[in-house]
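Chains as they are written, first to last, in our numbering: chain F, 595 to 1262; chain P, 595 to 1262; chain R, 595 to 1262.
Here a beta-carbon is modelled for each residue, glycine too, at the ideal position from N, C-alpha and C.
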C-alpha cells in the first residue's frame, strides 16, 4: 500500500457540487492524500430500492483522481434509509425492556434480520461492483464503528433465533447449555433450545452465565455481520484493503476477532469528546496523566495486530451533539496527532473536512468551520502536516518495542460488567491503575490476550483474572516457570470460563502453586478504604480485599486496618525461573508507585520526565525515534540526553512548551 | 366587561348541595365577585354518553345569581371520563418510548384523535348551548392549562398523521422537508410523507430540525385543539369572553398564538409550588431576588397582549400532590396578589375555594381548609380584598410602561432545549440573568417577540438569538440604526430558522455589520468558568464563551483566562443612531451589574431599594401608582420620595415590614 | 413440635449426589438438626409437565433420616420453569409501564393467572402427596419471601380482573367505589366495574384512594395465593406446620393476614446485605445504634404472633448478587444469631449450607465457601451452636415482656408511600426514631396493630396515625381513658381509611378531645429544619410541622423559629386515667431523648449501657435471661448487677469484647 500520512473524512453529498473542487484543492494544498467517503450515504446512493444513484460519487472519485487523492469507501449500513424502514419496520432494534428504538438517528437496525441482510447484499454488491475497481479506491470500511450505540441491542425475535443457533453451535445439546449456565439454580433448566430467549428485563436478577454468553454472542453476531459484507467487497473489489474504525477499549465487539478480517485496524479518537467526565479529567490533569488513557487506547489498538494502524477519525476541532466538549487548546490537535504517530499510527485521517450544516452532528466540527473560512484548526493541521510528513515516512514500519505487557480480555471485561462486585469496581479503571504508573515512568506497554505468546515480555500484568480455564492457568504457569514476571490481582481464578464459580479448590485454584498463596476470604470495601502497609508506611487499598494466605509466597505488603490487619495484601513468589505477584486490592497512586518499585529489575530503563511530559519511542535494531510530548498546559523543564539528536533544529533540549512536542533520533 | 377584582375557583360537585349556599354566601361576604366552574366536571355533567346532567350546575348558576356572583365556565377536556376511555382506549396518549399513559390522573388524552374530537364536539355543543346564554356566565376557559403534563405527548399514529399533514402544509413537498431537515445527514431522506414518523426514542441521536418541527407542530396542534372548541363556544355563547389559564414561561404551547384566540390572557401562579427547587430559592433569597422570577412571569404574561390580565389561579394556602411545598408566611398571599396587580393583573381568582376531600390534589389547599373553618388564608384574603379593591378599580386600564424589553421566543427556547450545548445552559435561566439585574434596579420590563415593533423601547436585550432569519436580522439592524440599543449574547445567528447551521459566513452572519464583530471560535466551559476582565477587575463568565473578533466594535470586557485571554468577551458598536452590544458568555451577578452600568444612558431612573424590596408602577400620562413590596422575611428601611402620596394612610415611609406592601400615588 | 435450634438451607440438586452424605454428616457434626429443601426446585422435580422426578429428593430425605435431620419442604412457585413460560408466556408479569418482566431471574410470575394456578395445583398436589407423610418432613414453606421482587407487579389483565372482583367484594356497587375513591375529582367516575383498570402509569398524577386499594388488593391477592397452596398441603401433609420466611418490615404483603395461615412465622435476616446504605450505617454506628433497626425487625416479627419464631435464613458469610455487601466481622454471625434468640427466635436456619457454583446468587455465600473447605463461618457457627444450644432449650417458650408498644400499620405505611408529603418523610424511618430511643434505653418493645388489645402496655406510641376510622379513634380514646399513655405524631387523623380527607372537623378530628389540641395549620419543611424549644433549650424538628392549638392540653415544647415560633410543638393532655401526647414534628435524636424523659413514669427501669451495647431479656414469672450484646467494633465497659448470675462462667462482668455477647440469669 502506498505511503499515505494524512487524510480527511469527507461528505460531498452535504455540499453543493460546485464546492467539491474547492474542497479537494484545499485538501491537496494542505498535504492531504486520502479521503474517506460514503459510509453514511445510503439514501444518496440508493434513494429508492434498486434505484442506484452512483453518478455523483463517480464525479467525486474522478475529481479525487484529478487532485491525486486516494479514497477509502464505506458501506452505509449504520444508517438504513427511511424506505428500508418503511419496507421492514421490524429491523428497528428492540431494547432489553421490549421497546423498539426508532428511525431518526443512526444504528436503528437489527443485525440479525434476514430481510435486512438481503437489502444490504443488494446494496453492497451493486456498490462494490460499481466502484470496486476504480483506481482511486484503495480500501474499504464496512459500516461505521461497529458496536457503537448498539450496547444492549437488539433483543428481537430474529436475534433470539440467532442466539439459539449460536448456542447450539457452541454447546451442541440443551443439556450442555443447562450445565454451563447452571440452570438448576432457580429452576431455569431448559428442555429445548426453543425455550431460550434473549436476557430481557426480569422481575429480579439475571443468570450471569446466560448474560456472558449473550455478550459473546453479540460480539460474534456483529463480526459475522462484518464478514457478510466483507466477502461481497473482496469479491468485487480485489486487491483493496479492508479496515475498520475501532473505538479503543469499547467492548461490544471483540476487536481481535474483527481484526482477523482486516488488513490493518483503525481507531477513532476524540480526546475532548462531549461525553468526557471533566471532573475526573481535572484530577488526572493535576497528576499529569490527562492523556495517559489516550496513550493506553493507542497501545491497545497497536497491540491488536502488533502493527501500525490508522487513525480513521482524529478530532479536528470542538465537537459534540446536543452537548459539546471543550475546544482544543492551541497545539492540542497537533499533539494528539503526534501522540498517535508516536504510539504507532501510520496515517491520520481527520474528522471531518468541514463542519456540517445539518443533523445530529452539526456541532461535531471539522477542520473548516461552518463558514468555510480557514481558521485555527486548518492552519495548525497544515503546519503539522508539512512538519511531520517526512518523519512519518521515515518511521513507517518501525514501532514501539515494549518489554512490559498488560493482559486485556473481552470476556473478563464482560464478566466484571455483569458482576462488578463493588459499585465502583470497573475492569478498565482497574487495568488503568497499572497502565498509568507505567506511563508516568515512560515505559512502553503492549496489551496482550490471555493465551497469546508472552515470551517477548519480561513483565506481564494480568489484572482481574476472574475467568480462568485450565489451559489459561497452564499458560500463566509456563510463563513464570520460564522466567517471566507475572502480576495478578484480586478475584483471580474465581470463575470457570462459563461464569460458573470454581468449586472444590481454594482460590486461585490451579494457580495457587505458582503464586504460593491461597485466598479463603475477601471483603467488599463498601464506603470504606483499607489501609495497606508496605515498607513500614501506610497506603490505601480500595473496593475489594482478597485476604491472602501465603503458602510459600513472601509478603510484600500487609493490610493495616479491618479485622484482617496484618494479613497479607501483596505477595511475591519465586517459581521456576520467574516471579509471581498477587495483589489483593486496588492500589492508590502512591502505593502503586511503591509496588512498582519492587519490580524495578524487570522494568526497562527510561528517562524521568515531569508529570505530563510523555516519552515513547518507535525503534528497530538500528535506530530509535523519541517522541517527547508535553500534555500539560504549561512549559516544563526537560533534560534530553546528549546522544539524542534533535529531529527538528528549533527544539529546546531543556524546555518543552505547553501542549507541544519534540522528536529526537538516536542511532544504536 | 364588568369591573371584577376577586374570584375563586369552585367545585360545587365535590360538596353536598346543602353546602353550596353557605359557600357562596361566604364568598360574597369576603368580597368575591366571580367564580370559575366546571373545567374538570365532565363525568358529573355527562355521566354516560349523551346523557347530560346539567341540572345541578344550573342550580349553582341560579345560586350565583342570588349572590350576585359572575361565572366563568370551563370545558372539561383535560379529563375525559372513564366511559370515553372505555369507548376509545387509544386516546390514551403514547410517550416517546411507545408506551401509553393510562387513565387515572388527568391529561390522559390524545389531542389529534378524531373520535375524541367528535366526543368533545358533542359535549361542548350541548354544554355551551345549554349555559352559553345564562346571564351569570360572562366568559369561558377551554380545557385547563393547555400543554401541562403533555410535555412530550402524544406520539401515537393519529399524532403522526397530524404531524405529516402539518409538514405538508408547511413545506408542500417532501423534497422541501428533506432540504429543511438536512436529511442527507445519516441517510435520513424521505421519499414520501408516509415515511415520516414522530421522533420516538432512537438508538442514537435525533435530527435537530425534525425535533424543532415536532415542537412547533405540537404547539400548533394544541392551539388548533383550542380553536376547535372556541368556535363552538362562540357560536353558542355570544358576547362572552374566552380566556385561558397560562403558566408563565411554560413552553409547550406558543402563548402568542393562543392569545390571538382570547379576549385576554390569564395566569396560574403558585409561588410555593411543591416542585420548587428550594435550594436554589435560598440562594435567590440571600440576594433579595426570591420573587424576581415571579415578576418576570407576570411581565411576560402582561406582555403577551400588552394589556391587563387575570390571575385565574392564585395560590391561597399550602399546596402539593404527593409532596407539598412550604406554607405561605403571613402576608405572602396578599403580597403575591399585590405583586400580580402591580405588574398588570386586573382580577385575582384564588385556587381554590376549599381544600378538596379527594383525588390527586387533596393537598392543594384552598382558602378554606378541609375542616371548612375559616383560618389564616380566609382572613388574610378578606382583609386584602377590602383594602385593595378600591385601588384596583382606580388603576384599571393603567399599566406599567417599560422602556426596556427582553426578547422571548418559543422557537429559540425549543432549539436550546434540543441542543443545550452545555449541560447547565438553559434558555430561561440565561434570560433571567438579565431580567434579575433590571428587577434589582426596579426597572420595568416588557417581553417582546423577535419580529415585534420594538420602537417603544430604548433598550432591547435579545439573549441567545440562536435561530436567525434574514427578516429577523433586518429587523434587529433597523432597530439599532434608528437609535435603539440592542444587546445580544453568545450563539447569536448560528442557525437558520429550520435549525440548520448558517454556512458560508462568519458568525453572527448578517448581523456582523451591526455588532462590528465576528465569531470564529468558541469554547464550551465544561466544569470550568472563564475569567472576564472589565474596567481592570476580574469577574466570571460561565457555560459558554464566544471568542469575539471585533471588526469595528469597541471592547468593553476581555477574557482573562484560557488560551483566549485578552480576546474580547463583550463589545459595543455604534451603528446608525444606536448601539449594539455583543456579550460572549453568561455573566455572573456582579459582572452583569457592572455591564449594565455601561448602559446607564438608556436605563430609566428608578428608586434604589434594599435587596428584596421591589418597586413597580402602573402609570399613564396623568398619574403613577407605585407598588412597594418587601419580599424579604424581615423589616427593611426605605426612603420614599416626598412627592409620592401614601395611598394608605397607615404606611411608614421609612420602613416596610416583612412580607408587606405599600402603595403610593403621584400626579404628573 | 420438636425442640430444634439450628438448621441450614440446603440445595442438594446443586451438588453431585456423592457429596450429599458428606454435607449431611458435616451438618450433623456441627449440631444442625433441620434442613430446608426444595423451595426453588421445580425444574428438578418436574422437568417436563407432569413428568415428576421425585426420586432424588426421596434419597435426600432418606439420607436426612440417616443423619437424624428434620426437613422443611418448600413449594417452588417463586421460580416457574421454562416449560411453564413456554406454555403460558403471559404469566410473565407486567410492570406499571405496561412492559413485561421476563424469564431469567425469579418471581417472573403473575399470581392471578388461572392457568398458572392450575399448573401450581398439579405440582403441589403431586409433591405434597408424595412427601407429605414422610417422617422426616416436619413442616412446609409456600413459595419464598412472598412479596419480594413483586413490589409493583403485576398489572396484567388477569390482575385487573382480580382487582375488579376484589373491589366488588369490598364495595358491592360501583357507586360505592366512586364514593370511596372520590372519583368526582378530575371526572374519574366509573359507571361499571369493567371500566376499572390497574393504576398503570398516567400522564399526570394518581388517585390516592385507588392507589391505596391497589396495595391492599395486592396484599390480599398474595395471601390468597398462599392460601391456595396451603390448603393443598394441609390436605396431603397433615400434622405438619406451615411457616413462611418473612422479611421484617417489607410491606408488599400484610404479614398479620398471612400469619393467620401459619403455625409460626419465620424471618430472613441479612444484616450486611448488598443493598445496605453504608453511608447511613456509619452514622448509626457512630451513635451506637447500628443494629437497632435489626432489633426492631426482630421485635416486629415476634409481635406478629406474640410468640417465638424461626430465622429461616440467617446470613452466614459475605453475600450479594452483582454487588456484594461487607463480609461479617469475626463474632458478628454469632452475635446476629444471639440477637435473634434474645428477641424471641427459637430456631436459627443459616442460609445457606454452601456457596453455590451458579446463578444470580453465586456470591450469596454459605457456611462453606465454594471450595467446600470449612473456614471462619463454619467454625464460628459450630462454636456458637455448642455454646448456646442448651440455653435455647432452656428459654424456649419464655419471651421478652414489653410494657411499651409501637403501633405499626400496613395501611398507614401504604398511605404514606403514596403521599410522602416531604421528599424525605418515610413511615418506617419515622417509627424508627421512637424505636431507636427505646432501644438505646434497653427498653423492650412490642409492635401492635391499631385495633389490637393494648391493655398489656403502659405506653403506646402511635406515629403517623394518618388514616383514622371512628372505631380506631374510639379504641385510642378508651386506652387513654383507662390509664394508658398514648403518643401520636403529626398528621394524625387527616384521612378516613379510604384515603379521603377528613372534612368538617378540625384535626385530629374525634381525637381532639383526648389530646386537647386542634391542628389548623401545618408546614412542610422543605430544605429547612424548625427549631423546637423544650425546657429552655433549643432542638431540631424536621420534615413537617403540625402547628398545635392546645384547647385543654399542656405545652411541653414550642416551635422556636418560623412564623409559628412560640406555637406548641409537643403537648400532653390528661384524659381519664391516662395521658395523651401529641408530637407535631419529627424529632432529632437529642430532642427525642429529652421528650422521652418526660415519659419516665411509664418507662420500665433498665440498665444503662454504653452506646452499642444492647440488653434485652426473655423472662417469665420465675426467671429472667438477660442477653448483653456489644454491637460496636470495640471492647466496652459494662456494670452487671450483682444479682445477675453469669450463664457462661468465662464472662467478664465489667467488660464486653467487640462484637461479643454475654448471657445472665436472674431468678425472681
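Item                                                                                                                                                                                                             : Value
Could you spell out where the alpha helix (DSSP H) holding residue 1029 of chain F opens and where it closes?                                                                                                    : 1021 to 1034
Look up residue 1102 of chain R in the DSSP assignment and say whether it is helix, strand or coil.                                                                                                              : coil
Would you decide whether residue 909 of chain F is buried or exposed? Buried here means 16 or more other CB atoms lie within 10 Å of its CB.                                                                     : buried
Taking the continuous beta strand (DSSP E) assigned at residue 863 of chain F, which residues delimit it?                                                                                                        : 860 to 863
Quick one: Cα of residue 1195 of chain F to Cα of residue 1038 of chain F, how far?                                                                                                                              : 16 angstroms
Counting only the same chain and skipping the five closest in sequence on each side, list residues whose C-beta sits under 6 angstroms from that of residue 976 of chain R.                                      : 624
According to the Cβ coordinates, are residue 834 of chain P and residue 731 of chain P closer than 8 angstroms?                                                                                                  : yes
Going by C-alpha distance, which of R:843, R:765, R:1022 and R:1143 is nearest residue 1092 of chain R?                                                                                                          : R:765
Please work out which residues of its chain come closer than 6 angstroms, Cβ to Cβ, to residue 1188 of chain P, disregarding the five sequence neighbours upstream and downstream, and give them in chain order. : 1128
Run through the DSSP bridge pairs and tell me what residue 1079 of chain P is partnered with.                                                                                                                    : P:1053 and P:1173
Can a CB atom of chain F be found closer than 8 angstroms to the CB of residue 1121 of chain P?                                                                                                                  : yes
Report the start-end ranges of each beta strand (DSSP E) in the stretch 635 to 669 of chain F that is 3 residues or longer and not cut off at the edges.                                                         : 664 to 668
When you compare each of F:969, F:996, F:1072 and F:1040 to residue 1213 of chain F by their alpha carbons, which one comes out closest?                                                                         : F:996
Consider the Cβ of residue 1349 of chain F: report whether some Cβ of chain R lies at a distance smaller than 8 angstroms.                                                                                       : No answer is possible for residue 1349 of chain F: the residues shown for chain F start at 595 and end at 1262.
Please classify residue 1005 of chain R: is it buried, with 16 or more other beta-carbons within 10 angstroms of its beta-carbon, or exposed?                                                                    : buried
Can you list, in chain order, the residues of the stretch 782 to 793 of chain R whose Cβ is nearer than 9 angstroms to any Cβ on chain P?                                                                        : 782, 783, 784, 785, 786, 788, 789, 790, 791, 792 and 793
Taking its Cβ as the centre, do 16 or more other Cβ atoms sit within 10 Å of residue 1242 of chain F, making it buried, or is it exposed?                                                                        : exposed
Quick test of your reading: residue 998 of chain P and residue 1051 of chain P, contact by CB under 8 angstroms. State the CB separation rounded to the nearest angstrom.                                        : 6 angstroms
Could you give the uninterrupted runs of the alpha helix (DSSP H) lying entirely in the stretch 1177 to 1246 of chain F, keeping only those of 4 residues or more?                                               : 1183 to 1191
Just the chain F side, please: which residues come within less than 8 angstroms of residue 865 of chain R by C-beta, in chain order?                                                                             : Neighbours of residue 865 of chain R on chain F: none; closest Cβ ~13 angstroms, over 8 angstroms.
So, using beta-carbon positions, are residue 1108 of chain P and residue 1169 of chain P closer together than 8 angstroms?                                                                                       : yes
For the stretch 686 to 712 of chain R, list every residue whose C-beta sits within 9 angstroms of some C-beta in chain F, in sequence order.                                                                     : 686, 687, 689, 691, 693, 694, 695, 696, 697, 698, 699, 700, 701, 702 and 703
I'd like to know whether the C-beta of residue 1136 of chain F is nearer than 8 angstroms to at least one C-beta of chain R.                                                                                     : no
Using beta-carbon positions only, say whether residue 837 of chain R and residue 857 of chain R come within less than 8 angstroms of one another.                                                                : yes
Residue 644 of chain R and residue 627 of chain R look like a contact to me (Cβ under 8 angstroms); what is the Cβ gap, rounded to whole Å?                                                                      : Actually they are not in contact, since the Cβ atoms of residue 644 of chain R and residue 627 of chain R sit about 35 angstroms apart, beyond 8 angstroms.
Give the single residue among R:740, R:784 and R:772 whose Cα lies nearest to the Cα of residue 814 of chain R.                                                                                                  : R:740
Just the Cα atoms here: how many angstroms apart are residue 1218 of chain P and residue 1053 of chain P?                                                                                                        : 22 angstroms
Using a Cβ-Cβ cut-off of 7 angstroms (strictly less than) and excluding sequence neighbours within five positions of residue 723 of chain P, which residues of its own chain qualify?                            : 830
Taking 6 angstroms as the limit between beta carbons, can you name the residues of its chain near residue 646 of chain P, skipping five residues before and five after?                                          : 640 and 720
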